[in-house]
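Chains as they are written, first to last, in the numbering used here: chain R, 1 to 512; chain D, 513 to 614. No residue lacks a Cβ here, since even glycine has one placed at the ideal position from N, Cα and C. To start, the structure under review is shown below, and the notes come after it.
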């Protein structure tokens with residue numbers, strides 16, 4: 001935790017040289033005129049052109065800005081149906097049919113910034129401020145682990161009290177937690193911590209790298225600079241558009257090869273934001289050889305103390321959100337797509353079918369929010385607790401517990417994965433990108449999804465979810481037998497079944 | 513014994529070279545790969561993360577993970593590398609890494 005005053009600390013965060021080094025001829029990679037021109041020139045695209053673009057996505061090639069703009073401008077509902085179906089095919093080709101679950105852990109809502117739309121903004125006096133102690137964060141983690149979670153995204157506001165020293169301590173404290181499973185013989189723990197934290201210097205990012213950070217996630221919020229400036233007051237750290245725009249570049253340079261971007265849809269025109277996300281991916285590819293590990297697309301929602309959502313002319317409808325996800329899946333086929341519990345249950349179930357790869361459940365976004373419901377969760381299978389508007393960054397649309405959501409997905413024949421194998425086998429960054437693009441990673445995904453699903457069912461599933469899950473497992477195992485890829489790999493399959501049987505006998509954390 | 517001698521001689525030459533560790537490990541993987549018709553790659557260990565640093569970039573499915581030091585380990589194909597050979601690779605890799613870090 002920094003000893004500097006808030007002002008002293010704030011003044012030393014941004015390192016201008018760590019922005020300038022990535023600029024090309026003094027310019028950043030978001031050229032407003034170019035984006036507007038792309039969108040303007042690709043009006044009324046030809047059907048065959050769109051189908052050719054879809055084929056390119058199926059070949060797992062990242063689309064150009066012109067091609068992406070053409071997809072954005074499709075009006076024909078029948079063509080959109082084709083695009084939805086193709087997006088799902090692309091996802092299955094790259095990631096198989098699984099969905100990966102995680103949960104967020106909010107560690108502090110102290111913040112020096114003043115973002116117009118955010119419940120954590122410093123001028124929001126209704127927000128109850130809190131930063132978790134070691135004991136509190138470990139208790140939060142125990143509740144999450146007891147739900148069955150293996151992946152976490154840790155979240156902090158930007159503040160000297162939650163600086164890099166605090167973040168590093170958080171990661172170590174969280175990784176230290178082990179908790180017995182409620183039903184089976186397993187002892188659970190968080191196997192991968194991804195983080196959502198403010199942009200920082202390469203030096204600080206290197207420290208996160210050294211303690212084993214998973215993915216480093218920074219959302220640009222909006223790529224439209226005038227809107228960005230309006231939403232993030234000048235004079236605050238977050239008011240510096242380019243410091244944020246190059247946060248992931250600095251992470252790459254610090255060695256963190258899994259980086260994640262996103263935009264807060266609803267601040268500006270969604271079509272522009274999709275183009276911004278694409279240009280971000282392109283610039284990462286150009287400067288580091290790989291694009292983002294994941295892209296997120298949260299929608300602007302009501303938050304305590306914020307009127308932006310009520311007043312924004314750019315709020316995104318459910319249909320538009322479905323289009324956004326579809327276009328991103330087609331435009332950046334190798335990337336993971338994250339849909340969160342901001343969205344309500346029915347919509348989430350529908351959107352998963354157009355290419356989403358990760359989502360959350362049993363989500364609590366208040367500071368200390370998991371400990372608040374611990375006793376209730378021990379008694380009830382549904383989350384009937386109230387959300388605390390004065391302690392949350394935004395309000396959730398879907399408060400389903402993990403067990404319920406896994407059960408619901410099982411009824412749709414969707415397997416849940418808690419796989420963290422890539423992160424622990426060197427399959428990250430450039431290596432995983434290659435494997436994703438040639439379809440090999442999807443095969444790992446399938447095997448590890450089955451193994452981790454089996455673990456979950458044994459250790460954490462209710463009777464009903466266990467029953468539904470066993471049907472999914474059997475279908476997955478049957479598919480393995482039929483897949484050509486595995487037919488000439490008898491040793492691997494022997495190893496897989498060996499692991500599967502050992503999990504049934506009580507061993508845990510076996511992965512391919 | 514033949515495996516051990518081959519590895520040992522190749523490693524001695526590599527240990528003495530002034531290359532960066534990543535280059536040495538790349539060469540190490542190439543020697544093992546050619547000799548035993550297999551593939552392996554090295555990772556840096558950072559907390560729970562194993563991050564790829566050297567070895568072939570080709571796509572294959574590793575099944576084994578061997579920790580060499582607190583900081584480095586390698587992934588390998590179990591069907592090609594038995595436990596005796598794994599121990600020998602581990603021992604030679606450790607020698608190379610320890611020597612580099614001194």
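Pick from the options: whose alpha carbon is nearest that of residue i?
i             : options                       : result
residue 46/R  : 58/R, 74/R and 447/R          : 74/R
residue 407/R : 457/R, 269/R, 82/R and 323/R  : 457/R
residue 355/R : 27/R, 76/R, 31/R and 93/R     : 93/R
residue 198/R : 346/R, 192/R and 160/R        : 160/R
residue 433/R : 291/R, 511/R, 326/R and 323/R : 291/R
residue 566/D : 559/D, 577/D and 553/D        : 553/D
residue 6/R   : 236/R, 144/R and 19/R         : 236/R
residue 118/R : 509/R, 308/R, 476/R and 396/R : 308/R
residue 365/R : 130/R, 312/R, 85/R and 146/R  : 130/R
residue 126/R : 110/R, 137/R and 138/R        : 110/R
residue 267/R : 148/R, 312/R and 172/R        : 312/R
residue 545/D : 601/D, 577/D, 583/D and 578/D : 601/D
residue 229/R : 217/R, 243/R and 218/R        : 243/R
residue 429/R : 25/R, 253/R, 121/R and 402/R  : 253/R
residue 560/D : 422/R, 36/R, 107/R and 331/R  : 422/R
residue 87/R  : 60/R, 105/R and 436/R         : 60/R
residue 104/R : 82/R, 284/R and 145/R         : 145/R
residue 414/R : 97/R, 444/R, 18/R and 39/R    : 97/R
residue 610/D : 521/D, 590/D and 583/D        : 583/D
residue 41/R  : 56/R, 21/R, 72/R and 336/R    : 72/R
residue 397/R : 318/R, 353/R, 424/R and 337/R : 318/R
residue 591/D : 508/R, 321/R and 492/R        : 492/R
residue 19/R  : 101/R, 250/R, 89/R and 191/R  : 250/R
residue 212/R : 507/R, 426/R and 481/R        : 426/R
Determine the extent of the alpha helix (DSSP H) in which residue i is found, giving its start and end residues.
i             : result
residue 72/R  : 65-72
residue 503/R : 490-504
residue 142/R : 134-147
residue 328/R : 318-331
residue 30/R  : Unbroken run through residue 30/R: none, as it is neither H nor E.
residue 406/R : 402-411
residue 19/R  : 17-20
residue 358/R : Here residue 358/R belongs to no alpha helix (DSSP H); instead the beta strand (DSSP E) covers 358-360.
residue 545/D : 533-548
residue 282/R : 270-288
According to DSSP, is residue i helix, strand or coil?
i             : result
residue 513/R : Here chain R comprises residues numbered 1 to 512, so residue 513/R is not present and cannot be evaluated.
residue 587/D : strand
residue 577/D : strand
residue 439/R : coil
residue 296/R : strand
residue 165/R : helix
residue 100/R : strand
residue 344/R : coil
residue 114/R : coil
residue 24/R  : strand
residue 194/R : strand
residue 44/R  : coil
Distance, Cα to Cα, residue i vs residue j?
i             : j             : result
residue 215/R : residue 195/R : 6 Å
residue 187/R : residue 293/R : 29 Å
residue 273/R : residue 325/R : 12 Å
residue 564/D : residue 556/D : 6 Å
residue 193/R : residue 151/R : 6 Å
residue 301/R : residue 219/R : 16 Å
residue 446/R : residue 68/R  : 29 Å
residue 454/R : residue 185/R : 13 Å
residue 70/R  : residue 283/R : 20 Å
residue 115/R : residue 477/R : 48 Å
residue 577/D : residue 11/R  : 45 Å
residue 370/R : residue 168/R : 21 Å
residue 439/R : residue 58/R  : 11 Å
residue 594/D : residue 537/D : 20 Å
residue 287/R : residue 24/R  : 10 Å
The beta strand (DSSP E) that contains residue i, what's its start and end?
i             : result
residue 614/D : Element bounds for residue 614/D: n/a, residue is neither H nor E.
residue 200/R : Careful: residue 200/R lies outside any beta strand (DSSP E) and carries neither H nor E.
residue 152/R : 151-156
residue 4/R   : Here residue 4/R belongs to no beta strand (DSSP E), and DSSP marks it neither H nor E.
residue 336/R : 336-339
So if DSSP puts residue i in a beta bridge, which residue, or which two residues, is it bridged to?
i             : result
residue 566/D : 554/D
residue 260/R : 217/R and 294/R
residue 106/R : 155/R
residue 416/R : 99/R
residue 129/R : In the DSSP output, where bridge partners are listed per residue, residue 129/R has none listed.
residue 265/R : 299/R
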